[in-house]
Amino acid sequence: MTTNDNLTAERATFVSHLECGMEGDHYAPDQLHGLSKAGKPLLVKYDLTALAAAISKEELASRPPDFWRYREFLPVRRTENVVSLGESHTPLIPFPRLQAGGGELLVKDEGRLPTGSFKARGLCMAVSMAKELGVKKVAMPTNGNAGAALAAYSSRAGIESYIFCPDDTPEINVREIAAQGAKVWRVNGLINDCGRIVGEGKQAMGWFDFSTLKEPYRIEGKKTMGLELADQLGWKTPDVIFYPTGGGTGLIGMWKAFNELREIGWLTGKLPRMVAVQATGCAPIVKAYDEGAEHAELWKNAHTVAAGIRVPVAVGDFLILRAVRESNGFATAVDDDAILQAREEAAQKEGLLLCPEGAATLAAYQKEVAAGRISPDESAVLFNCATGLKYPLPPVEHDLDCTQPVDYSTLG
Ligand SMILES: *Cc1c(COP(=O)(O)O)cnc(C)c1O
Numbered sequence: 011m012t013t014n015d016n017l018t019a020e021r022a023t024f025v026s027h028l029e030c031g032m033e034g035d036h037y038a039p040d041q042l043h044g045l046s047k048a049g050k051p052l053l054v055k056y057d058l059t060a061l062a063a064a065i066s067k068e069e070l071a072s073r074p075p076d077f078w079r080y081r082e083f084l085p086v087r088r089t090e091n092v093v094s095l096g097e098s099h100t101p102l103i104p105f106p107r108l109q110a111g112g113g114e115l116l117v118k119d120e121g122r123l124p125t126g127s128f129k130a131r132g133l134c135m136a137v138s139m140a141k142e143l144g145v146k147k148v149a150m151p152t153n154g155n156a157g158a159a160l161a162a163y164s165s166r167a168g169i170e171s172y173i174f175c176p177d178d179t180p181e182i183n184v185r186e187i188a189a190q191g192a193k194v195w196r197v198n199g200l201i202n203d204c205g206r207i208v209g210e211g212k213q214a215m216g217w218f219d220f221s222t223l224k225e226p227y228r229i230e231g232k233k234t235m236g237l238e239l240a241d242q243l244g245w246k247t248p249d250v251i252f253y254p255t256g257g258g259t260g261l262i263g264m265w266k267a268f269n270e271l272r273e274i275g276w277l278t279g280k281l282p283r284m285v286a287v288q289a290t291g292c293a294p295i296v297k298a299y300d301e302g303a304e305h306a307e308l309w310k311n312a313h314t315v316a317a318g319i320r321v322p323v324a325v326g327d328f329l330i331l332r333a334v335r336e337s338n339g340f341a342t343a344v345d346d347d348a349i350l351q352a353r354e355e356a357a358q359k360e361g362l363l364l365c366p367e368g369a370a371t372l373a374a375y376q377k378e379v380a381a382g383r384i385s386p387d388e389s390a391v392l393f394n395c396a397t398g399l400k401y402p403l404p405p406v407e408h409d410l411d412c413t414q415p416v417d418y419s420t421l422g
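Under the working numbering, the first residue of the sequence shown carries the number 11, and numbering increases by one thereafter.
1) Closest to Ile173 by C-alpha separation, out of Pro180, Glu181 and Arg196, would be which residue?
2) So who's on the other strand from Phe340, going by DSSP bridges?
3) On a CA-only basis, which of Val323, Ala317, Gly302 and Ala303 is nearest Lys310? Give me that one, please.
4) Ligand 1 and Gly339: does any heavy atom of the ligand fall closer than 7 angstroms to the residue's C-beta?
5) Taking all protein chains shown into account, do 16 or more other C-beta atoms lie within 10 angstroms of the C-beta of Thr18, making it buried, or fewer, making it exposed?
6) From Ala162, Val25 and Pro180, pick the residue whose C-alpha is nearest to that of Gly153; which is it?
7) DSSP three-state label for Met150, please.
8) If you run the structure through DSSP and keep just helix, strand and coil, what is Tyr80?
9) Would a C-beta distance cut-off of 8 angstroms place Ala333 and Met284 closer than the cut-off?
10) What distance in whole Å lies between the Cβ atoms of Glu97 and Asp76, which are believed to be in contact at a cut-off of 8 angstroms?
11) Distance check for Leu308 and Ala60, CA to CA, integer angstroms please.
12) My output table needs one value for Tyr375: the three-state DSSP class, helix, strand or coil.
13) Using the C-alpha atoms, what's the distance from Ala316 back to Cys175?
14) Thinking just about the alpha-carbon of each residue, which of Gly263, Gly279, Leu363 and Ala240 is nearest to the one in Ile330?
15) So within the segment 140-228, which uninterrupted beta strand (DSSP E) runs reach at least 3 residues, ignoring any that extend past its ends?
16) State yes or no: is the C-beta of Gly258 nearer than 7 angstroms to some heavy atom of ligand 1?
17) Between which two residues does the alpha helix (DSSP H) carrying Pro294 extend?
18) Let me check one thing: in DSSP terms, what residues is Leu108 bridge-paired to?
19) Pull up the distance between the alpha-carbon of Asp15 and that of Val137, whole angstroms please.
20) State yes or no: is the C-beta of Gly326 within less than 8 angstroms of the C-beta of Pro51?
21) What does a CB cutoff of less than 7 angstroms around Glu360 pick up in its chain, not counting 5 residues either side in sequence?
22) Report, in whole angstroms, the separation of the C-beta atoms of Pro248 and Ser389, which I expect to be a contact under 8 angstroms.
23) Can you give me the start and stop residues for the beta strand (DSSP E) that Leu52 sits inside?
24) So Gly126 packs on Thr397, CB below 8 angstroms; how close in whole Å?
25) Give every residue of the same chain whose Cβ lies closer than 7 angstroms to the Cβ of Val416, excluding the five residues on either side of it in the sequence, and list them in chain order.
26) What whole-angstrom Cβ distance do Phe252 and Val287 have, given they're in contact under 8 angstroms?
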């Protein structure tokens with residue numbers, strides 16, 4: 011099947027309103043919103059009773075395995091506004107050699123999405139909604155992958171994009187952003203410095219601010235990770251999910267998905283424990299979790315090889331911490347050596363080249379099984395959030411001179 015039938019019809023969504031994630035005050039749907047009046051992220055709310063009456067698991071199963079299979083759970087109202095680059099389901103890859111015990115270890119390989127990372131999920135949805143709500147120009151601070159996805163989807167939608175990256179963002183990301191039609195700048199600071207440039211310039215430049223969680227729809231896009239995971243597992247969930255946490259959109263989105271599914275009765279029993287994984291060089295959420303705080307403080311001198319989780323301050327900090335605590339999970343940090351070692355181990359023992367952020371989840375799984383916080387008999391899903399091919403790899407120093415006889419005994 012090449013067309014998605016549920017996309018051919020114009021249909022209403024089940025969005026009832028938007029709600030401040032902190033204060034709970036309501037906002038009207040079908041209007042452009044940034045943060046709430048309290049300066050906090052807005053969450054999209056649905057009429058779940060009407061949604062449940064309109065769709066069955068059986069009908070859903072008859073649709074193509076992609077992002078838009080979950081149309082009723084998503085906010086886009088008019089099909090003509092869907093901006094798509096082919097968001098197919100991502101596979102769950104077993105890691106039998108690295109599994110700690112009786113609990114199955116699966117890796118959800120998000121590197122296969124458009125632009126090579128799970129940022130495609132959030133930006134596919136946010137750009138579709140921007141199109142629906144008449145936005146013409148967007149701006150965003152990024153450590154790389156979000157900017158690449160924004161560039162691609164906004165070019166496809168005919169929206170202008172302005173993107174600001176820390177100057178040590180991987181070169182491939184800066185170039186892919188430019189190649190996909192965005193205007194991109196390197197900034198001599200961190201992502202929060204880039205965010206300030208967007209915030210201060212948006213009035214004069216007429217930009218809509220696409221910073222993480224400063225518009226409501228990226229969470230809805232990332233929510234599809236939770237819907238898709240439960241669907242792939244036969245409307246069941248694993249015991250534990252390890253999620254590499256920067257801005258936390260995916261962790262918040264998945265937790266939202268599981269709760270919506272539970273509310274309509276598609277998930278029963280215990281929901282997964284959500285584990286927020288950070289790097290020891292930038293672990294504001296871990297610190298706040300350990301201190302029992304509701305909000306995280308800005309992390310100074312943030313550094314890690316895992317650029318995607320180098321986020322010193324997250325506007326959705328309290329939503330991440332809430333999901334972690336409600337789910338009986340926790341937050342944990344791993345250092346760069348452990349990240350690089352886990353990447354090597356996954357590639358050499360299981361044949362899957364993880365991105366450093368994905369490798370951080372494997373390192374965290376290993377660390378927490380050893381520490382007894384996770385039982386080897388608990389099933390776990392790790393998120394490999396981007397293709398490993400976007401990142402610098404260790405050099406290879408094997409050269410062979412084909413004009414000379416080869417001494418094969420040296421090759422073994
Ligand atoms: C953005 C990103 C993350 C963090 O995702 P959030 O949902 O924003 O916390 C992790 N890894 C990679 C590769 C990323 O691009």
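Note that the Cβ used here is the ideal one computed from N, Cα and C, for glycine as well.
So, from the listed chains and residues:
1) Arg196
2) Val285
3) Val323
4) no
5) Note that Thr18 scores 42 on pLDDT, short of 50, meaning its location in the model is unreliable; the coordinates nonetheless yield the value given after this. Exposed, because fewer than 16 other Cβ atoms sit within 10 Å of the Cβ of Thr18.
6) According to the sequence provided, residue 153 is Asn. The question's Gly does not apply to it. Considering only alpha carbons, the answer is Pro180.
7) strand
8) helix
9) yes
10) 6 angstroms
11) 41 angstroms
12) helix
13) 15 angstroms
14) Gly263
15) 147-151, 170-176 and 193-197
16) yes
17) Pro294 to Glu301
18) Answer is none; Leu108 lacks a bridge partner.
19) Any reading at Asp15 is ruled out, since the residue's pLDDT is 46, under 50, leaving its predicted position unreliable.
20) yes
21) Phe105, Arg107 and Leu108
22) 4 angstroms
23) Leu52 to Tyr56
24) 4 angstroms
25) Leu410
26) 5 angstroms
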